[in-house]
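K.L.:
Handing you a structure now.
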Amino acid sequence: MWFCYNELRRAMWGEGGGGDVNSVNAWVQFIACPLTLDPNTAHPNLSISDDNTKMTVSSIKIKKKNVSAQRFDRWAQVLCKEDLRGGRFYWEVEWSGMGAFIGVVREDFPRNGAGLQCGLGRNPNSWCLQCSNTTHYVWHNNNQIVIPAKVVTPRIGLCLDHTAGRLEFYAVSDKMTLLYSFSLEKGRYFYPAFGLGLDLQLHSSIRIPRLENS
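Using the working numbering, you'd call the opening residue of the sequence shown number 9 and step up by one each time.
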């Protein structure tokens with residue numbers, strides 16, 4: 009069992025356990041947090057919805073735009089407005105199309121440039137799940153690991169636990185299926201982050217659904 013599972017079980021049913029820790033509703037009621045995309049960090053080729061919950065590729069031709077240090081200028085990525093620190097957090101992401109990158113970055117993550125230091129999962133300061141229609145992968149420090157489970161899902165759940173120093177990715181349906189777990193440095197705060205490669209053309213999107221406890 010993993011830390012988030014154990015903590016959820018104890019909080020809801022006591023040390024004796026019991027109940028279904030795989031219940032999506034149980035996770036939502038316990039630690040769900042509302043998130044919104046930050047348009048000021050979005051790559052110029054990404055389109056953010058008016059309610060800041062959905063991201064799509066607006067064009068595959070690189071757009072010229074005055075780029076600040078806040079905005080990704082080479083990697084097609086965006087951060088959330090909310091930073092996560094000092095607690096346990098759970099959120100879900102729906103993706104569609106040819107693929108997507110879903111993860112977290114440290115608070116000082118650089119955004120300008122084409123180097124690996126700015127790519128989600130390509131450096132020591134970010135962790136992500138790469139989703140596709142055939143399999144899923146996880147990335148950290150430019151190391152790719154294939155998810156062995158034959159689980160391809162359009163809905164991903166993430167659990168970030170500062171106390172335990174863990175980030176967990178789940179396939180979400182009528183139950184929770186753990187895909188992968190990372191150990192994180194304690195005492196830092198993180199931003200949820202998302203990416204849509206421009207080579208995916210206009211066929212992919214990411215949406216942050218509003219959970220009941222949000």
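For glycine and all other residues, C-beta sits at the position ideal for the given N, C-alpha and C.
To the nearest angstrom, report how far apart Q37 and D169 are at their CA atoms.
P.N.:
In this prediction, Q37 scores a pLDDT of 48, lower than 50, which makes its location untrustworthy; the coordinate-derived value is nonetheless stated afterwards. Approximately 16 Å, taken between the alpha carbons.
K.L.:
Can you look up Q152 in the DSSP assignment and give me helix, strand or coil?
P.N.:
In the structure shown, Q152 adopts extended strand secondary structure according to DSSP, grouped into three states.
K.L.:
Quick check: A108 and S181, are their CB atoms within less than 8 Å of each other?
P.N.:
no
K.L.:
On the DSSP letters alone, give me the boundaries of the beta strand (DSSP E) that I164 sits inside.
P.N.:
R163 to D169
K.L.:
May I have the straight-line CA-CA distance separating G203 from W135, to the nearest angstrom?
P.N.:
Each residue's alpha carbon lies about 12 Å from the other.
K.L.:
If you draw a straight line from the alpha carbon of A77 to that of P47, how long is it in whole angstroms?
P.N.:
One C-alpha to the other measures close to 13 Å.
K.L.:
Among T142, C88, Q85 and V154, which has the Cα closest to the Cα of T161?
P.N.:
Out of T142, C88, Q85 and V154, the CA that lies nearest to the CA of T161 is found in T142.
K.L.:
Please classify N150 as buried or exposed, where buried requires at least 16 neighbouring CB atoms within 10 angstroms.
P.N.:
Here N150 is exposed: its Cβ has fewer than 16 other Cβ atoms, across all protein chains shown, within 10 Å.
K.L.:
Please name the residue, chosen from C41, T61, A40 and Q85, that lies closest to N53 on a Cα-to-Cα basis.
P.N.:
Q85
K.L.:
Does the Cβ of R93 have 16 or more other Cβ atoms within 10 Å, making it buried, or fewer, making it exposed?
P.N.:
exposed
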